[in-house]
Amino acid sequence: MQVFKGKFYLSFILLFMAACFIATDIEAANIWPTASATVCWTITADGGGSGVLRLRSMPMGSGNYLISGKMVVGGKIVEVINGNAITSMSDVKLTLNSAGRNTGEAMWTSTYYVVLSGTTLNGTFEYIGHDRSYVDLSVDTEYGKGTLTKITCP
Numbered sequence: 006m007q008v009f010k011g012k013f014y015l016s017f018i019l020l021f022m023a024a025c026f027i028a029t030d031i032e033a034a035n036i037w038p039t040a041s042a043t044v045c046w047t048i049t050a051d052g053g054g055s056g057v058l059r060l061r062s063m064p065m066g067s068g069n070y071l072i073s074g075k076m077v078v079g080g081k082i083v084e085v086i087n088g089n090a091i092t093s094m095s096d097v098k099l100t101l102n103s104a105g106r107n108t109g110e111a112m113w114t115s116t117y118y119v120v121l122s123g124t125t126l127n128g129t130f131e132y133i134g135h136d137r138s139y140v141d142l143s144v145d146t147e148y149g150k151g152t153l154t155k156i157t158c159p
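Residue numbers (this note's numbering): 6 to 159.
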């Protein structure tokens, strides 16, 4: 019986060691940048509207990345963004926090949850946000979702 247990433990240890040496497919294939780099997407909301999402990814180790960037619509920066990304065997997950303002109209904040394909870096997002109107002084909560399509950064 001891021989069986020894073989089992040895097999388990070898399997565990092999798993530790396998990088995520996304990092190994250089789909997500493993060094500091800028990545861009066209972002399209399901209810209409689109812009360019430009994010800088900075590696922190073990598949974790700090994110800093901006949302550009009509050539204007409309949101400043920060967050984090985590790579896995099949996708990249991001949480993004943003804030923006239209002078004289409104100020807003949003939190985005993004899932990108590990093969194309295209994906989907959902967000929830709060808007503060300078006109009627109201505060509203908003939810939305949409798609991201990877592009070459303009």
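Quick reminder that beta carbons are idealized off the backbone N, C-alpha and C, glycines included. Bear in mind that the values here come from a model prediction, so they are computed numbers and not experimental data.
First and last residue of the uninterrupted beta strand (DSSP E) at S93: As a first step, residue 93 must be located in the sequence shown, where it is residue number 88. Where S93 is concerned, there is no enclosing beta strand (DSSP E), given that its DSSP letter is neither H nor E.
Three-state secondary structure (DSSP) of A3: No information on residue 3 is available, as it lies outside the stretch 6 to 159 that the chain covers here.
Start-to-end residues for the beta strand (DSSP E) that takes in P159: Stepping through the sequence shown from its first residue, residue 159 is reached at position 154. Careful: P159 lies outside any beta strand (DSSP E) and carries neither H nor E.
Buried/exposed call for D161, threshold 16 Cβ in 10 Å: The chain is shown from 6 up to 159; residue 161 falls before or after that span and cannot be answered.
When R61, A104, G128 and R137 are compared against G151, the one with the closest alpha-carbon: To locate residue 151, count along the sequence shown from 1; it is residue 146. Checked all of R61, A104, G128 and R137; the closest Cα to G151 is G128.
Pair within 8 Å by beta-carbon distance, R76 and S55: Taking the sequence shown and counting its residues from 1, the one referred to as residue 76 is at position 71. Taking the sequence shown and counting its residues from 1, the one referred to as residue 55 is at position 50. For the sequence presented, residue 76 should be read as Met rather than Arg. Cβ distance not < 8 Å, so M76 and S55 don't count as in contact.
Where L153 sits in the DSSP three-state scheme: In the sequence shown, counting from the first residue as 1, residue 153 sits at position 148. In this structure, L153 counts as strand in the three-state DSSP scheme.
Y148 burial status per 10 Å Cβ neighbour count (16 or more: buried): Locating residue 148 in the sequence shown gives position 143, counting from the first residue. By the neighbour-count rule (16 or more Cβ atoms within 10 Å), Y148 is not buried but exposed.
D145 (DSSP reduced to helix, strand or coil): Residue mapping note: residue 145 aligns to position 140 of the sequence shown, counting from 1. Strand.
Through-space distance from S93 to T49, alpha-carbon basis: Your numbering for residue 49 matches position 44 in the sequence shown. Your numbering for residue 93 matches position 88 in the sequence shown. Approximately 24 Å, taken between the alpha carbons.
Inter-residue spacing [alpha-carbon to alpha-carbon] between D192 and R106: With the chain covering only 6 through 159, there is no way to say anything about residue 192.
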